[in-house]
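S.K.: The structure is given below, and queries will be raised subsequently.
Protein chains in written order, with the numbering used here: chain C, 15 to 319; chain X, 173 to 432.
Okay, here's the thing in structure tokens:
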């Protein structure tokens with residue numbers, strides 16, 4: 015595997031706030047990365063740093079072995095679709111779509127035209143008059159049709175309805191398999207995209223929490239479902255990441271079980287299931303085991319971590 | 173994994189020229205603001221002036237002496253000067269509006285500012301040609317049939333040959349584009365606060381200079397200086413200020429970041 019992006023000890027401060035705090039990781043060539051975290055965790059700042067739009071306070075970034083800052087050779091192979099992208103006031107959607115091909119050497123116009131039709135973008139309307147969804151669709155079209163070897167999507171789906179979001183995921187995956195490249199998808203609709211992601215990076219408060227293949231992360235926890243007593247007996251003093259209970263039925267999420275333990279659980283008549291990425295990330299970024307709204311009030315609750 | 177991870181070499185960029193042209197095309201993607209609007213403004217000013225000329229001519233006694241006198245008076249018209257100030261506004265707007273998008277499209281700051289400079293020099297050339305062309309038509313039609321003067325203004329030298337006037341007009345367009353670029357880059361980097369602070373400092377410096385000249389009773393010397401450099405010389409000197417403004421814009425923008 016070849017490393018495209020290498021980040022070492024990266025910190026970005028705005029005054030006293032560390033938006034990105036001593037972060038190190040690598041992106042390998044080819045792959046869909048999920049950059050996950052809460053609002054304000056530093057996702058956009060991190061991507062702005064990787065694309066040379068922001069200047070690092072300290073640490074190093076190399077993209078294709080060089081600093082991306084003011085580096086034309088690197089930047090013309092990078093596409094950064096920002097949820098908060100500003101466009102000139104008088105620009106219509108067609109102006110954006112007319113000018114974008116000039117900046118991206120791998121641009122595929124046929125693909126762009128098809129996407130414009132599928133997303134039903136009113137190209138003759140001014141960008142600032144577009145609905146939030148249509149505005150996002152323009153970014154999605156540019157990001158996909160640019161075929162940039164390194165593409166960043168920063169919350170690209172804002173305002174898109176469920177159908178358009180599904181369309182985006184479908185086109186992204188189909189085009190990615192035909193034209194492999196490195197894609198970084200920042201999102202907090204984690205469950206929706208979790209099937210797309212091959213690798214997950216989670217940041218919280220500017221710090222790196224997780225940098226792991228998606229499968230490994232999913233395998234790091236298991237849901238144990240069954241009768242309350244049987245489940246509690248099996249789980250014992252293990253740390254519980256998440257808990258759901260309906261009547262006598264309980265579903266607990268616990269950290270990775272060994273194959274022997276899994277067998278023991280099945281032998282005890284318990285059902286084991288995968289954990290959603292979203293639950294894991296929620297757990298990791300809040301430090302709490304439960305979602306209070308879903309938690310029925312019961313008295314024999316375990317003490318939480 | 174046994175092998176050490178390879179690091180791919182950075183690809184080389186497309187030639188500078190094509191990158192700069194891309195930026196220019198970004199500015200011109202919607203020609204309405206930078207091209208058609210200024211022409212509309214000139215057209216409107218012209219229409220208003222034409223009506224004024226007509227009123228003056230109708231009111232004034234219709235003898236050759238008066239007609240000539242009125243016509244000479246028209247040459248002091250500052251009507252077309254507005255278009256130069258408008259260019260400064262255009263420069264500020266273009267920089268502010270396009271900077272974020274150009275960076276979003278993978279342009280470097282350096283390419284953006286150089287491409288923007290190229291755009292502005294091109295626009296200055298285009299507008300000065302149009303301006304001189306209109307001046308020619310004005311002379312040819314006897315001041316639009318009314319002895320009016322909007323493009324044959326004393327500010328660009330009535331006795332100068334057309335190519336020298338072209339230079340004067342070009343230099344003035346360039347001056348306002350360059351000043352606009354400097355203001356625009358300050359706005360992009362430091363927003364309204366930075367720009368306000370700059371104007372406070374600039375006013376203080378200018379007042380200081382005026383005070384200094386007055387206290388040292390140097391006004392005659394200043395006058396002599398401009399007489400010595402002459403008309404064309406003064407326009408040539410404006411190029412120095414334009415270059416300083418352009419270089420400042422470059423320096424300021426190199427460290428700017430797109431803010432939402």
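Here a beta-carbon is modelled for each residue, glycine too, at the ideal position from N, C-alpha and C. Computed from a prediction, not measured in an experiment: that's the story for all the values here.
Less than 7 Å between the C-beta atoms of residue 282 (chain C) and residue 228 (chain C), yes or no?
M.R.: It is not a contact, given that the beta carbons lie outside the stated cut-off.
S.K.: Along chain X, which residues have their Cβ under 9 Å away from the Cβ of residue 202 (chain C)?
M.R.: Ordered by position in chain X, no residue passes the 9 Å Cβ test against residue 202 (chain C), which lies about 18 Å from the chain.
S.K.: In the DSSP assignment, find the beta strand (DSSP E) that holds residue 213 (chain C) and state where it starts and stops.
M.R.: 213–218 is the span of the beta strand (DSSP E), which, as asked, contains residue 213 (chain C).
S.K.: Nearest-angstrom Cα distance between residue 246 (chain X) and residue 406 (chain X)?
M.R.: One C-alpha to the other measures close to 23 Å.
S.K.: Going straight from the alpha carbon of residue 331 (chain X) to that of residue 404 (chain X), what length do you get?
M.R.: When rounded, the distance between both Cα atoms is 12 Å.
S.K.: Which residues, taken in chain order from the region 216–236 of chain X, show a beta carbon closer than 7 Å to some beta carbon of chain C?
M.R.: Flagged: no residues at all.
S.K.: Helix, strand or coil, according to DSSP, for residue 142 (chain C) in the structure here?
M.R.: Reduced to three states, the DSSP call for residue 142 (chain C) is helix.
S.K.: What residues in the region 69–86 of chain C bring their beta carbon closer than 8 Å to a beta carbon of chain X?
M.R.: Answer set for the region 69–86 of chain C: 69, 76, 77, 78, 79, 80, 84, 85, 86.
S.K.: Quick check on the DSSP output: what are the complete beta strand (DSSP E) runs of length 3 or more inside the region 189–245 of chain C, in order along the chain?
M.R.: 196–201, 213–218, 221–227, 235–241, all fully within the region 189–245 of chain C.
S.K.: Check whether the region 244–262 of chain C touches the region 206–217 of chain C, counting contact only when three or more Cβ pairs, one atom from each stretch, lie closer than 8 Å.
M.R.: Contact fails: fewer than three Cβ-Cβ distances are below 8 Å.
S.K.: From the DSSP secondary-structure annotation, give me the bridge partner or partners of residue 24 (chain C).
M.R.: BP columns for residue 24 (chain C) point to C:37.
S.K.: In chain order, what residues of the same chain lie with their CB nearer than 7 Å to the CB of residue 178 (chain C), ignoring the 5 residues before and after it?
M.R.: Closer than 7 Å at the Cβ level, and outside the excluded window around residue 178 (chain C), lie 133, 147, 151.
S.K.: What in chain X is Cβ-close to residue 96 (chain C), meaning under 7 Å?
M.R.: Correct list: 276.
S.K.: In chain order, what residues of the same chain lie with their CB nearer than 8 Å to the CB of residue 354 (chain X), ignoring the 5 residues before and after it?
M.R.: For residue 354 (chain X), where only same-chain residues beyond five positions count, the Cβ hits under 8 Å are 417, 418, 420, 421, 424.
S.K.: What three-state label does DSSP hand residue 363 (chain X) in the structure shown?
M.R.: DSSP places residue 363 (chain X) in helix when its eight states are reduced to three.
S.K.: Quick one: what's residue 72 (chain C) bridged to in DSSP?
M.R.: DSSP lists C:25 as partners of residue 72 (chain C).
S.K.: Which chain X residues sit within Cβ distance under 7 Å of residue 101 (chain C)?
M.R.: Residues of chain X passing the Cβ test: 273.
S.K.: Can you give the Cα-Cα distance for residue 309 (chain X) and residue 303 (chain X), rounded to whole angstroms?
M.R.: About 10 Å.
S.K.: Determine contact between the region 312–331 of chain X and the region 386–394 of chain X, defined as no fewer than three beta-carbon pairs at a distance below 8 Å.
M.R.: The region 312–331 of chain X vs the region 386–394 of chain X: no contact.
S.K.: Kindly list, in the order they appear in chain C, the residues whose Cβ is closer than 8 Å to that of residue 386 (chain X).
M.R.: None at all; the shortest Cβ gap to chain C is about 44 Å.
S.K.: Return the chain-ordered list of same chain residues with a C-beta closer than 7 Å to the C-beta of residue 351 (chain X), the five sequence neighbours on each side being excluded.
M.R.: Within the same chain, residue 351 (chain X) has close Cβ partners 260, 417.
S.K.: Name the DSSP bridge partner or partners of residue 257 (chain C)?
M.R.: According to DSSP, residue 257 (chain C) bridges with C:266.
S.K.: Compare the C-beta of residue 184 (chain X) with all C-beta atoms of chain C and state if any pair is closer than 7 Å.
M.R.: By this cut-off, residue 184 (chain X) is an interface position.
S.K.: Does DSSP classify residue 428 (chain X) as helix, strand or coil?
M.R.: Coil.
S.K.: Please confirm if the region 222–241 of chain C is in contact with the region 285–304 of chain C, defined as three or more CB-CB distances below 8 Å between the two stretches.
M.R.: Short answer: they touch.
S.K.: Report yes or no: do three or more beta-carbon pairs, one from the region 197–214 of chain X and one from the region 266–283 of chain X, lie closer than 8 Å?
M.R.: Segments in contact, yes.
S.K.: Mind pulling the chain X residues with CB within less than 7 Å of residue 109 (chain C)?
M.R.: Those are 201, 202, listed as they occur along chain X.
S.K.: Kindly provide the ranges of any beta strand (DSSP E) runs that are 3 or more residues long and lie completely inside the region 232–301 of chain X, ordered along the chain.
M.R.: Within the region 232–301 of chain X, no complete beta strand (DSSP E) run reaches 3 residues.
S.K.: Tell me, please, whether the CB atom of residue 31 (chain C) is closer than 7 Å to any CB atom in chain X?
M.R.: Chain X contact via Cβ: absent.
S.K.: Report all residues from its chain with a CB closer than 8 Å to the CB of residue 292 (chain C); omit the five preceding and five following residues, and keep chain order.
M.R.: Excluding sequence neighbours, residue 292 (chain C) sits near 204, 205, 208.
S.K.: Could you tell me which chain X residues have their CB closer than 7 Å to the CB of residue 321 (chain C), listed as they occur along the chain?
M.R.: Summary: the structure shown does not reach residue 321 (chain C), with chain C confined to residues 15 through 319, and so no result is reported for it.
S.K.: According to the neighbour-count rule (16 or more other Cβ atoms, all chains shown, within 10 Å of its Cβ), is residue 244 (chain X) buried or exposed?
M.R.: Exposed.
S.K.: Is the beta carbon of residue 336 (chain X) sitting closer than 7 Å to the one on residue 192 (chain X)?
M.R.: Against a cut-off of 7 Å, the Cβ pair of residue 192 (chain X) and residue 336 (chain X) comes out as no contact.
S.K.: Excluding the 5 residues preceding and the 5 following residue 95 (chain C) in the sequence, name in chain order all residues of the same chain whose CB lies nearer than 8 Å to its CB.
M.R.: 153, 154, 156, 157, 165, 166, 167, 168, 170.
S.K.: Once the 5 residues before and after residue 341 (chain X) are set aside, which same chain residues still bring their CB inside 7 Å of it?
M.R.: So the list reads 300, 303, 304, 328, once near-sequence residues are dropped.
S.K.: Are there 16 or more other CB atoms within 10 angstroms of the CB of residue 109 (chain C), so buried, or fewer, so exposed?
M.R.: Buried, because 16 or more other Cβ atoms sit within 10 Å of the Cβ of residue 109 (chain C).
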